[in-house]
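Using mature numbering (1 follows the signal peptide of the UniProt record, and there is no 0), the letters of the sequence shown map in sequence onto residues -16 to -1, 1 to 591.
What follows is a short report on a single structure.
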Amino acid sequence: MASVLSLLSCVVLVLAASFNPTRGQLDPCFYDKLCPHALPAIKAVIEETIAVEPRMGASLLRLHFHDCFVNGCDGSNLLDDTPFFTGEKNAAPNKNSARGFEVVDRIKDAVNYACGGNVVSCADILAVAARDSVAALGGPSYQVQLGRRDSTTASAAAANSSIPAPTFDFDRLLANFNSHGLSLVDLVALAGGHTLGFARCINFRDRLYNETATLDSGLASYLKSQCPLSGGDDNLAPLDDTPCGSTRRTSTGSCGARGCCTRTSSFSRDGSFEPLTGSAGEIRLNCRRSFTLFALIPAIFFPAFAQLTSDFYDSICPQALSTIQATVEAAIIQEPRMGASLVRLHFHDCFVNGCDGSILLDDTPAMTGEKTAKPNKNSARGFDVVDQIKSAVNDACLGNVVSCADILAVAARDSIVALGGASYDVLLGRRDATDASLAAANANIPAPTLDLAGLVSNFQSQGLSLSDLVVLSGAHTLGFARCVSFRNRIYNETADINSDFAASLQAQCPPDAGDGDDVLASLDDTPFVVDTDYYQGLLQNQGLLHSDQQLFQGDGSDSDNLVQFYSQSPTDFWSDFGTAMINMGNLSPLTGDDGEIRENCRVVNQD
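Structure representation (structure tokens):
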């Protein structure tokens, strides 16, 4: 076993730096001085993730392979589609197959936090994550050559033409590998990557029903029970008989005509090469989006969050943040529920045309504001506390220098800390909107009735990922919801709600509309403490809102895996929650000369 796995490891290592004139710039010690904590941070996330879902190791290994076969190892397969290009995620070899993007997001956040900035490329993360996945599942470790940079674009066409298909015969496999500068030895050794993971029925159906001469009859009979002649395209079968552990069975299985896919019987697998280095490409802040691409777009289409800084008020008013903190703490001591209310104000503000304090504006004869929008009416509260904070800050700063939008962002952070959560740096320098939009609030704030697809779509429209969705939903570790928001769930969603939990809620929330609509129930069982009980409740089908329980449906989805991960990892939740709050706080802020600094958060300044 050791010799087979060592050969695989050596080939991955060699190929990661081969066939590129700049390969000499790659170095296994590349981050030793730049960020000595980078590799341990990656390894920690990998090991925690695989402990929750062993299958993820194979998924991360596949991401690296599929990345490298399309214009080199440049992280291009992580990029989401844009109006300017169609990326690789929906190419035939990746659609409904490539996964683990949320894990890469978490690694990137963890590394940026550990390094105190954006210094580790997404391409390097994929390379290291592949190595650490193999090691975590029983294979040997090896040095990874580092120093790659990230591509600024992706190509669906190149992915479709360059990634070897599972239907390839030996000659086509060898030709494909040769076209990348890879040898027969590379082909056979990298086939050992199939010691991990699964394949979908659609990828081995033809082999199963038509290639009887080279397929073990016992294996064929077993697989036919999993993969019918029609239907069941997404049913999974393991690529060898130990899909969650690195062994030599892929090689011996192929010798015994037990390769699941045609190309496994032909001893094949992917490789990695042609890195971007030096000044080529970029280091993406978010692995899903290219900053360089968007930097070319007129500023009207791109948020100005780069102008936000954590020390914005250090010189303008050094007492500002401590004043906000003191007022928040006093309000929460008087009413612990207020912490959740202040966090919600920041959320509901940011989801409507960005984090601009528009939710705080009262209606005027010329404008109907957001306070009476459906998601806010009889729900959004804490406006009086914001007034107190604004007055205290204006006194401390001897003038009107701190925006209401920044007050909401800092008050949300300070509420989390006051109720037991971890602190995080808030980026500051926002200015306040001069109008508000009832229609935008009704359209953009996620409703408690949304299903998972609707939630993901809503967050993506804001530039937020599934990881952001799951971790920001963890804010429901605090606070309450009204009966009108969960009545339908407790009376009609019997399939995914704990019966005792439903019965206890039915005792408080009558079935008829208008009866007890404002009765409150806690979103988890510790509504005044920041913890991971919210996620543990979802695992037990005790999500209060329909939208909460949609995050965990027990189907092994990426969302399920994130919920399981955070339920077991409070430290990671606190860290990732802070990062996600920063991401949300960056949504389309007004900066520079845009907007204003309101004297009174409820009304725009008078000329």
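Ideal Cβ positions, reconstructed from N, Cα and C, are used throughout, including at glycine.
None of the values given here were measured: they were computed from a predicted structure.
Are residue i and residue j touching if we call contact CB-CB under 8 Å?
| i | j | result |
| --- | --- | --- |
| Leu462 | Arg272 | no |
| Pro573 | Cys388 | no |
| Asp515 | His460 | no |
| Val454 | Val547 | yes |
| Ile308 | Ile267 | no |
| Leu436 | Leu535 | yes |
| Tyr408 | Met568 | no |
| Arg397 | Val386 | no |
| Gln537 | Asp452 | no |
| Ala173 | Pro150 | no |
| Asp93 | Thr563 | yes |
| Leu110 | His48 | yes |
| Asp416 | Arg582 | yes |
| Gln291 | Thr575 | yes |
| Val588 | Thr478 | no |
| Gly215 | Thr136 | no |
| Glu86 | Asp544 | no |
Taking the C-alpha atoms as reference points, what is the distance between residue i and residue j?
| i | j | result |
| --- | --- | --- |
| Leu326 | Cys13 | 45 Å |
| Gly498 | Ser457 | 27 Å |
| Gly540 | Pro349 | 51 Å |
| Gln318 | Leu345 | 25 Å |
| Val503 | Cys493 | 7 Å |
| Gly101 | Arg586 | 36 Å |
| Leu158 | Ala119 | 28 Å |
| Phe161 | Leu260 | 20 Å |
| Leu507 | Leu529 | 8 Å |
| Val104 | Ser553 | 24 Å |
| Gly579 | Gly447 | 22 Å |
| Ala395 | Pro212 | 56 Å |
| Ala402 | Gly323 | 8 Å |
| Asp16 | Leu130 | 10 Å |
| Thr311 | Val370 | 9 Å |
| Gly527 | Leu489 | 12 Å |
| Ala420 | Ser139 | 40 Å |
| Cys52 | Arg189 | 27 Å |
| Ile186 | Leu422 | 47 Å |
| Gly404 | Leu392 | 19 Å |
| Cys244 | Leu412 | Below a pLDDT of 50, predicted positions are generally treated as unreliable, and Cys244, at 47, falls in that range; the measurement from the model is reported next regardless. Whole-angstrom Cα-Cα distance: 54 Å. |
| Ala425 | Asn584 | 21 Å |
| Cys106 | Ala491 | 51 Å |
| Arg83 | Gly71 | 15 Å |
| Phe68 | Ser60 | 14 Å |
| Ala505 | Gly438 | 24 Å |
Tell me the DSSP bridge mates of residue i?
| i | result |
| --- | --- |
| Pro222 | Phe182 |
| Asn270 | Arg273 |
| Ala465 | Ala505 |
| Thr348 | Met351 |
According to the neighbour-count rule (16 or more other Cβ atoms, all chains shown, within 10 Å of its Cβ), is residue i buried or exposed?
| i | result |
| --- | --- |
| Tyr519 | buried |
| Phe296 | buried |
| Gly521 | buried |
| Leu44 | buried |
| Val54 | buried |
| Asn428 | buried |
| Asn551 | Just to set this straight, residue 551 is Ser in the shown sequence, not Asn. With 16 or more other Cβ atoms within 10 Å, it is buried. |
| Ala35 | exposed |
| Ser209 | exposed |
| Leu450 | buried |
| Thr33 | buried |
| Asn362 | exposed |
| Thr236 | Note that Thr236 scores 46 on pLDDT, short of 50, meaning its location in the model is unreliable; the coordinates nonetheless yield the value given after this. Burial call: exposed. |
| Ala357 | buried |
| Leu168 | exposed |
| Gln590 | exposed |
Which residue's Cα is closest to the Cα of residue i: the options?
| i | options | result |
| --- | --- | --- |
| Val128 | Asp556, Asp577, Val112, Gln552 | Val112 |
| Phe557 | Gly71, Asn55, Arg90 | Arg90 |
| Ala75 | Ser135, Ala143, Thr33, Val104 | Ala143 |
| Lys27 | Cys467, Val95, Arg328, Leu203 | Val95 |
| residue 592 | Leu412, Ser306, Phe331 | Because the chain here runs from -16 to 591, residue 592 falls outside it and cannot be looked at. |
| Arg414 | Ser117, His330, Arg132 | His330 |
| Tyr126 | Arg115, Thr136, Ala264 | Arg115 |
| Ser274 | Arg133, Ser451, Pro148 | Arg133 |
| His332 | Arg191, Gly562, Glu313, Gly353 | Gly353 |
| Ala42 | Asn476, Glu72, Asp64, Ser81 | Ser81 |
| Cys381 | Asn337, Ser299, Phe470 | Ser299 |
| Gly176 | Gly123, His21, Leu18, Asn194 | Gly123 |
| Phe561 | Ala406, Thr293, Arg473 | Ala406 |
| Gly500 | Cys467, Ile30, Ser163, Asp368 | Cys467 |
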